[in-house]
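Residue numbers (our numbering), protein chains in the order written: chain A, 6 to 281; chain B, 1065 to 1325.
Virtual Cβ for every residue (Gly too), placed ideally from N, Cα, C.
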Amino acid sequence: MTQRADIHDSHSPLVEVRDLNFSIAGRPIYRGVNLDIERGKVTAIMGPSGSGKTTLLRLIGGQWRASQGQVLFDGEDVARQSQRRLFDIRKRMGMLFQSGALLSDLSVFDNVAFPLREHTDLPGELVRDIVLMKLQAVGLRNARDLYPAELSGGMARRVALARSIALDPDMVMYDEPFSGQDPISMGVLLRLIRQLNDALGLTSIVVSHDVNETLGIADYVYVIADSEIVDHGTPDELRQSDSEWVDQFLHARADGPVPFHYPGQSYRDDLLTSAR
Amino acid sequence: MKSGLAQLGYTALDWLAELGRSVLFLLRIIAALPMLGRKPRLLVEQVYSVGVLSLVIVVVSGLFVGMVLALSGYRALVQFGASNALGTSVALVVIRELGPVVTGLLFAGRAGSAVAAEIGLMKATDQLSGMEMMAVDPLRRVVAPRFVAGIIALPLLTAIFSVMAIGAGGGYFVGVTLLGVDASAYWHGIQSSVGIGDIIDMFIKAGTFGAIVTWVAVFEGYYAAPTSEGVSRATTNTVVIASLAILGANLILTAMLFSGG
Ligand SMILES: Nc1ncnc2c1ncn2[C@@H]1O[C@H](COP(=O)(O)OP(=O)(O)OP(=O)(O)O)[C@@H](O)[C@H]1O
Ligand SMILES: [Mg+2]
């Protein structure tokens, strides 16, 4: 414990990904990826759909194991922990799932209270206050008695956000927090993520397709494509980047190195075979 | 042909692998059981939920089965002038065989399928991974309480079924009220023939069947493919596998309890 603290002082990155290789069903998703998530910063992960951003968050959370390489959280290899130790690590991480992943048989209030009730012995009054504070932050305090099935997609994601910060974790991973949000709640969420990060001293990872908004709040950005990190830097550096990948991605061009189509047989061949 | 034989071999291997996985899963559930002591409320909720799900169907079936048994039993017994033995015949059949088996089958169809669908859907909608990321083990929070709930609920439901089948609304109603068997002979026959051992055997059978149903249900749900098709397959598999397993286990248990008693 003390030994670890020696090596990993507060200046080292909170998350270090080293030579990460990972495939799903034989298809490589990552080939030799290295990246650092600095403490106290908002780090954005961007990349085309299907490039493996959600996969990266699952690897950081220790849900999936890399076939080669390491994912270190505060100096500990998440893939090599006992379940108990891994759970202790996860209590320090909040994760907002792309799908929300709210528990469908619990109300909004109980969903946000869930991690508090599972992991703390706080009295009911205090749990109530904390839950209402978190819901207030995402603008859904008065929706507390609704059930997940009664929420819109954007609302569900905001509840999930409130839940992911319920335990006041050290790090929060947001998987597409802005999709399905109207411009007003999008602005609120952007500010909220930044404020939570700065006021509570969190470390944040934001996965998002909303390029300009995300560049607006991020301290550092990684762009993933084609199983690799094609560029990284501060938002300003990226805007100046001469990488074709980044240029295409930031300016939403259809032509460029990023294929819009899932790789495989050519369109022409496909049509010709079907005609036969 | 070679390919036909090979296919059979592969199917058998798949089946064995599945069996092995389900046994490992059972061991993991058992390892998670001590945690239930800390949150007994989870267990109570599940017993209530699976019990209430099946209550109506168990009560109604108990009445019908009791009535049919009394009708057919009366026709057989009256030929030998033994209609006073009607209570004995209904009670022994219900308590030894039909009670646990029929209740078990109904439970598999009603509660087993519901548990499999619930867990499968939780998996398909990322709720189980969500729990894992919140450092909550779904095996402890979701699976273990449902497994134990089956072991508790099914014996209770079987007792209810038996009371319904034998009592005032079922066998007694047809035998005594409609067919005119002597009421005191009906009850006396039951009292003198059904021993405490029979009741214990009934609970042993019901508890075993309850474990089988919820074990199959939680396994199928937990390993369901995370799609609507996967969930529906898990539900169907649960009913088919659990029903067959109940019938098989009943044969074994009857043989064991019979030779033991
Ligand atoms: N459970 C799974 N089984 C098989 N393949 C998967 C699975 N999950 C993801 N993949 C594959 O892994 C790749 C990366 O998926 P991932 O969900 O990480 O993408 P993403 O970058 O988050 O995309 P999006 O922006 O659309 O959410 C995809 O091409 C997908 O086909
Ligand atoms: Mg994703």
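- In the three-state scheme derived from DSSP, where H, G and I count as helix and E and B as strand, Gly105(A) is classed as coil.
- Apart from the 5 residues on each side of it in sequence, Gly158(A) sits with its Cβ closer than 6 Å to the Cβ of Gly185 in its chain, given in chain order.
- Under the DSSP assignment, Met178(A) falls outside any alpha helix (DSSP H), being part of the beta strand (DSSP E) whose first and last residues are Met176 to Asp180.
- A distance below 8 Å separates the beta carbons of Val1277(B) and Ala1306(B).
- Among the residues facing chain A, Ala1199(B) is included, as its CB has a counterpart in that chain under 8 Å away.
- Contact annotation for Lys96(A) against chain B: Met1198 and Ala1199 [CB-CB distance below 9 Å, chain order].
- Asp93(A) carries a helical assignment under DSSP once its states are collapsed to helix, strand and coil.
- Looking from the CA of Tyr152(A), the closest CA among Leu207(A), Arg90(A), Ala106(A) and Asp126(A) belongs to Ala106(A).
- For Ile1263(B), the uninterrupted alpha helix (DSSP H) segment begins and ends at Ile1260 to Tyr1286.
- Looking at the DSSP output, Ile229(A) shares a beta bridge with Ile234(A).
- Residues Phe119 of the same chain have their beta carbon placed closer than 7 Å to that of Leu111(A), with the five preceding and five following residues left out of the count.
- In chain order, the residues that have a beta carbon nearer than 5 Å to some heavy atom of ligand 1 are Ile29(A), Ser54(A), Gly55(A), Ser56(A), Gly57(A), Lys58(A), Thr59(A) and Thr60(A).
- At least one heavy atom of ligand 2 lies less than 7 Å from the C-beta of Asp180(A).
- For Met100(A), the nearest beta carbon of chain B is closer than 8 Å to its own beta carbon.
- Rounded to whole angstroms, the separation of the alpha carbons of Leu1185(B) and Met160(A) is 21 Å.
- Contact between Val1157(B) and Phe1225(B) is ruled out by a C-beta separation of about 12 Å, above the 8 Å threshold.
- At a beta-carbon threshold of 7 Å, none of the residues of chain A lie near Asp1078(B); the nearest stands roughly 18 Å away.
- Gly1101(B) has a beta carbon lying at 8 Å or more from every beta carbon in chain A.
- One thing to note: Ile1254(B) has its Cβ within 8 Å of the Cβ of Ile1230(B).
- A straight line joining the alpha-carbon of Ile1159(B) with that of Ala1149(B) spans about 16 Å.
- Lys96(A) and Pro174(A) have their C-alpha atoms some 7 Å from each other.
- Between the segment 1166-1178 of chain B and the segment 1210-1222 of chain B there are three or more inter-stretch CB-CB distances shorter than 8 Å, so the stretches are counted as touching.
- Each residue's CA atom was taken as its position, placing Ser1136(B) and Gly1151(B) some 12 Å apart.
- Listed by position along chain A, the residues whose Cβ is nearer than 8 Å to that of Thr1189(B) are Ser104, Ala106 and Ser109.
- Look at the beta carbons and you see the segment 230-249 of chain A touching the segment 25-41 of chain A: at least three pairs across the two are nearer than 8 Å.
- Identification of chain A residues near Gly1194(B) by a Cβ-Cβ cut-off of 7 Å yields Phe102 and Ala106, ordered along the chain.
- Chain B has a Cβ within less than 8 Å of the Cβ of Gly66(A).
- Taking 7 Å as the cut-off, one finds at least one heavy atom of ligand 2 near enough to the beta carbon of Gln103(A).
- Under the three-state reduction of DSSP output, Tyr267(A) falls in the coil class, being neither helix nor strand.
- The alpha-carbon separation between Tyr1287(B) and Ala167(A) amounts to approximately 29 Å.
- Taking a cut-off of 8 Å on C-beta distances, the segment 1284-1299 of chain B touches the segment 1170-1190 of chain B, as three or more cross pairs fall below it.
- Assignment of beta-bridge partners to Gly1234(B) by DSSP yields no partner.
- Boundaries cannot be given for Phe183(A), as no beta strand (DSSP E) includes it and DSSP labels it neither H nor E.
- For Pro120(A), the C-beta contacts it makes with chain B under 7 Å involve Met1198, in order along the chain.
- Interface residue (Cβ-Cβ distance to chain B less than 8 Å): Phe78(A) is not classified as such.
- When rounded, the separation of the alpha-carbon atoms in Trp1251(B) and Val1245(B) is 11 Å.
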